[in-house]
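Asks: For the protein sequence lines, the chains are Y and Z, in the order given. First residue of the first sequence? That's 9 in our numbering, and the numbers climb one at a time after it. First residue of the second sequence? That's 9 in our numbering, and the numbers climb one at a time after it. All C-beta atoms in this analysis are idealised placements derived from N, C-alpha and C, irrespective of residue type, glycine included.
Number of protein chains: 2
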Amino acid sequence: MDQLLEGARSPFCPKFHHAVELIGRRWTGVIIRAMLNGVERFTDLSNTIPDISDRMLSERLKELEEEGIVEKKVVAATPVRIEYHLTPKGWALARVIRDISAWAEEWGESG
Amino acid sequence: MDQLLEGARSPFCPKFHHAVELIGRRWTGVIIRAMLNGVERFTDLSNTIPDISDRMLSERLKELEEEGIVEKKVVAATPVRIEYHLTPKGWALARVIRDISAWAEEWGESG
C-alpha cells in the first residue's frame with residue numbers, strides 16, 4: 009500500500025479535505041467530467057447533465073471560476089456565446105476523474 | 009487526453025455521478041483517507057478528524073457500511089471496542105484518494 013498512498017500519508021490534511029469536498033459538491037464532479045469530454049458551452053452543459061437547473065449550473069461554474077478550475081469566455085457572436093474552459097488546474101483533475109470513473113464502473117451502482 | 013480519460017468518455021454517467029458525490033460528501037473523503045492510513049477505531053477516527061462530531065461520524069460510517077465500503081467490527085474486549093475496516097471496495101478507492109491528495113498538494117488551498 010505504501011506506493012499507492014504516496015502523497016496521502018498523513019491521516020488528516022486540510023488541503024485534501026477542501027479538494028475532495030469541492031470535487032464532490034452536488035453537480036460539480038459531473039460538470040468537470042463533461043468539460044473534460046469537450047462540453048464547453050453553457051447550453052451544452054445544461055443539456056448534457058440531466059436535472060440540473062440553469063441557476064444551479066451557473067452557481068457551480070462560478071464556484072469553479074473562483075477556485076481557478078474554470079475560465080469563462082464570452083465569444084462575440086450573434087447571439088453572444090458563453091463558453092467555459094478548464095484551466096491547467098482543471099485539466100490536472102483528469103486523472104482523478106478517470107480513476108473515480110473506473111472505480112464507479114467496477115464497484116458502483118447508480119442512484 | 010484519450011488515454012487519461014479512458015473509462016470516462018461519455019459526458020454523463022449516473023454511476024460516476026453517484027460515486028463522486030458519495031466520496032465528496034461532507035467528511036466522507038477524510039474518513040476514508042484516515043482509514044486507508046490505518047485509523048480504525050471509532051475514537052481514533054474521532055480524534056484524527058478535527059471538528060467532526062461523534063454523531064456525524066456515526067452517520068457517515070453507517071452510510072459507508074450501506075455502500076459496502078466499510079465493515080463494522082465489534083471486538084470483544086473490556087470495554088467493548090468498535091472498529092471499522094475497509095472492504096475490498098473501500099481499498100479500491102486508494103488510488104482515487106492518492107490522486108486527489110496529489111492534486112490538492114500541487115494546486116490546492118486549504119480552507
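Of all Cβ atoms in chain Y, is any one closer than 9 Å to the Cβ of Z:Glu91?
Replies: By this cut-off, Z:Glu91 is not an interface position.
Asks: Starting from Z:Glu79, trace the beta strand (DSSP E) in both directions and tell me its first and last residue.
Replies: Val78 to Val83 is the span of the beta strand (DSSP E), which, as asked, contains Z:Glu79.
Asks: Residues of chain Y with CB under 9 Å from Z:Arg49, in chain order?
Replies: Near Z:Arg49 there are no residues of chain Y at all, since even the closest Cβ is about 12 Å away, more than 9 Å.
Asks: Taking CB distances under 9 Å as the criterion, tell me whether Y:Thr56 reaches chain Z.
Replies: True, the Cβ-Cβ gap to chain Z drops below 9 Å.
Asks: Can you check whether the C-beta of Y:Ser61 is within less than 9 Å of a C-beta belonging to chain Z?
Replies: No, because no Cβ of chain Z sits closer than 9 Å to the Cβ of Y:Ser61.
Asks: At least one CB of chain Y closer than 9 Å to the CB of Z:Glu42: is that the case?
Replies: The residue asked about is misnamed: residue 42 of chain Z is Ala in this sequence, not Glu. Yes - at least one Cβ of chain Y is within 9 Å of the one on Z:Ala42.
Asks: Let me check one thing: in DSSP terms, what residues is Z:Leu94 bridge-paired to?
Replies: DSSP lists Z:Val78 as partners of Z:Leu94.
Asks: Could you tell me the boundaries of the alpha helix (DSSP H) in which Y:Glu114 lies?
Replies: That run of the alpha helix (DSSP H) goes Ala102 to Trp115.
Asks: When burial is assigned at 16 or more other CB atoms within 10 Å of the CB, is Y:Thr51 buried or exposed?
Replies: Counting Cβ neighbours within 10 Å, Y:Thr51 comes out exposed, since fewer than 16 surround it.
Asks: If you follow the alpha helix (DSSP H) that Y:Asp52 is in, where does it begin and where does it stop?
Replies: Per DSSP, Y:Asp52 belongs to the alpha helix (DSSP H) from Phe50 to Thr56.
Asks: Could you please give the first and the last residue of the uninterrupted alpha helix (DSSP H) stretch that includes Z:Ala22?
Replies: Going by the sequence as given, residue 22 of chain Z is Pro instead of Ala. It spans Pro22 to Ile31 - the alpha helix (DSSP H) in which Z:Pro22 sits, taken as one unbroken run.
Asks: Closest to Y:Glu91 by C-alpha separation, out of Y:Lys23, Y:Glu79 and Y:Trp35, would be which residue?
Replies: Comparing Cα positions, the closest option is Y:Glu79.
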